[in-house]
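Residue numbers for the sequence shown follow the working numbering, so the first one is 3 and each next one is one higher. As structure tokens, the structure follows; a few thoughts come after it.
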Amino acid sequence: MLQDGNGWAAGPNGTRCWGRFGAAGLLIVSPQRTVLMQYRADWTSFPLTWGVPGGACDSHETPEATALRETAEETGLLEHQLRILDTQVTTGPFPADPDRPELAGGWKYHTVYALAAEELETNPNEESLELRWVPLDDVDSLDLLPPFVESWPRVRAHLEKLLEALD
């Protein structure tokens with residue numbers, strides 16, 4: 003399988019973002035209104051912070067395919083265990099940087115929202131120091147990865163609307 007997404011892209015204010023074609027993560031919610039959070043290993047981008055499973059998009063992948071692939075790698079959860087509810091661009095897009103032509107432009111992050119039938123058992127890989135089901139009201143008390151801090155209010159509001167529609 004072609005894995006051409008690994009690499010850096012231009013971010014805002016001279017920063018870099020992982021994923022030449024953007025990135026996607028899976029926000030999994032349970033009927034108990036908990037979400038699966040990942041405590042990131044110390045060698046990853048934004049180490050020792052909490053986020054959702056995800057990673058770089060390959061050129062041939064949809065954001066949903068990326069989020070499901072990365073979630074399977076990082077948590078052991080498989081597509082048949084989850085129901086995709088929606089997808090939303092929650093960060094970016096960021097333009098190319100003419101001062102850094104070696105970095106891809108147009109980076110954006112897709113949050114893919116999914117429902118699990120229950121708080122599923124996980125099997126973390128080396129990218130995760132911990133995987134934990136966290137009540138929605140407690141997510142913002144975690145040491146979140148900085149872009150997730152910025153997007154969480156919008157992400158949570160959208161998730162609440164999705165959950166309301168399911169009731």
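Glycine included, each C-beta is placed from N, C-alpha and C at the ideal position.
Beta strand (DSSP E) containing Arg-42: first to last residue? Its beta strand (DSSP E) spans residues 36–42.
Quick check: the stretch 139–149 against the stretch 117–127, are there 3 or more CB pairs under 8 Å? Contact between the stretch 139–149 and the stretch 117–127 is absent, because fewer than three Cβ pairs lie under 8 Å.
Less than 8 Å between the CB atoms is what I'm expecting for Arg-85 and Ala-116, so what's the real figure, rounded? The Cβ separation is near 6 Å, so the contact holds.
Ordered list of alpha helix (DSSP H) runs contained in the stretch 47–78, each at least 4 residues: You should have 65–77.
Spatial neighbours of Cys-59 within its chain, please: CB distance less than 7 Å, with the 5 preceding and 5 following residues excluded, ordered by chain position. Excluding residues within five positions, the ones whose Cβ falls inside 7 Å are Gly-7, Gly-21, Phe-23, Gly-24, Ala-25, Ala-26, Pro-65, Thr-68.
Using only the alpha-carbon positions, how far apart do Tyr-111 and Arg-156 sit? If I take the Cα positions, the gap works out to 13 Å.
On the three-state DSSP scale, how would you describe Ala-98? The three-state secondary structure of Ala-98, taken from DSSP, is coil.
How about Cys-19 and Trp-154: are their beta carbons less than 8 Å apart? In this structure, the beta-carbon distance from Cys-19 to Trp-154 does not fall below 8 Å.
Compare the beta carbon distance of Thr-51 and Trp-135 with 8 Å and say whether it is the shorter of the two. No, the Cβ-Cβ distance between Thr-51 and Trp-135 is not below 8 Å.
Cβ neighbours of Ser-130 in the same chain (closer than 8 Å, five flanking residues each side left out): Same-chain partners within the cutoff: Gln-40, Tyr-41, Arg-42, Ala-43, Pro-55, Glu-76, Thr-77.
Locate the beta strand (DSSP E) running through His-160, then write down its first and last residues. Not the beta strand (DSSP E): His-160 falls in the alpha helix (DSSP H), residues 148–168.
What are the boundary residues of the beta strand (DSSP E) that Leu-29 is part of? Here the beta strand (DSSP E) through Leu-29 covers 25–31.
Buried or exposed, going by whether 16 or more other CB atoms sit within 10 Å of the CB of Gly-53? It is buried - the Cβ of Gly-53 has at least 16 other Cβ atoms within 10 Å.
Around the C-beta of Leu-28, are 16 or more other C-beta atoms found within 10 angstroms, so that it is buried, or is it exposed? So Leu-28 counts as buried.
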